[in-house]
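Novice:
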Amino acid sequence: MAVAGRMSDLTPDASPAHRFGAALRSWRIRRELSQQGLADIVFQSAQTVAKVERAQRWPSRELAETCDKVLAAGGELEALWPPVRAQQLAADGRRRVAGREHRTTGSAASDGDLYK
Numbered sequence: 001m002a003v004a005g006r007m008s009d010l011t012p013d014a015s016p017a018h019r020f021g022a023a024l025r026s027w028r029i030r031r032e033l034s035q036q037g038l039a040d041i042v043f044q045s046a047q048t049v050a051k052v053e054r055a056q057r058w059p060s061r062e063l064a065e066t067c068d069k070v071l072a073a074g075g076e077l078e079a080l081w082p083p084v085r086a087q088q089l090a091a092d093g094r095r096r097v098a099g100r101e102h103r104t105t106g107s108a109a110s111d112g113d114l115y116k
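Residue numbers (full-length UniProt numbering): 1 to 116.
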């Protein structure tokens, strides 16, 4: 079964999370799996897989390791995870600062945004 994928809607050079998402999608497509198919194997929802591929949700270390093994990615996904975690920690720090600013100035970005 061939799985269609639009690589053009990904921007792997935008950030570590985007790079991870593009690599995940590439390996998933090479293995001819749908998002739901991969989700079933790694015990996640298809929505989670889709959001990680689009860099709209942070992948956990466990997800990176499991997908790497399931997709036989040769360590590529595992190697891409530490920069994603660093990006997440930096974003979390910016959110904490924005929250403090909100309490003192009354303005801050929405907490639902992945990137601030």
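Built from N, CA and C at the ideal position, the CB exists for glycine as well.
Can you say whether Asp13 is buried or exposed, counting buried as having 16 or more other CB atoms within 10 angstroms of its CB?
Specialist: Exposed, because fewer than 16 other Cβ atoms sit within 10 Å of the Cβ of Asp13.
Novice: Run through DSSP, which three-state label would Thr66 get?
Specialist: Thr66 falls in the helix class under three-state DSSP.
Novice: In terms of residue numbering, what span does the alpha helix (DSSP H) encompassing Leu38 cover?
Specialist: Per DSSP, Leu38 belongs to the alpha helix (DSSP H) from 35 to 42.
Novice: Do you know offhand how far Gln88's Cα is from Ser60's?
Specialist: When rounded, the distance between both Cα atoms is 10 angstroms.
Novice: Could you check the C-alpha separation between Asp40 and Val49 for me, to the nearest Å?
Specialist: Roughly 10 angstroms between the two C-alpha positions.
Novice: Under 8 angstroms, do Val52 and Val70 count as touching if we go by C-beta distance?
Specialist: No. Outside cutoff.
Novice: Verify whether the separation of the beta carbon atoms of Ala73 and Trp27 is less than 8 angstroms.
Specialist: For Ala73 and Trp27, yes; Cβs fall inside 8 angstroms.
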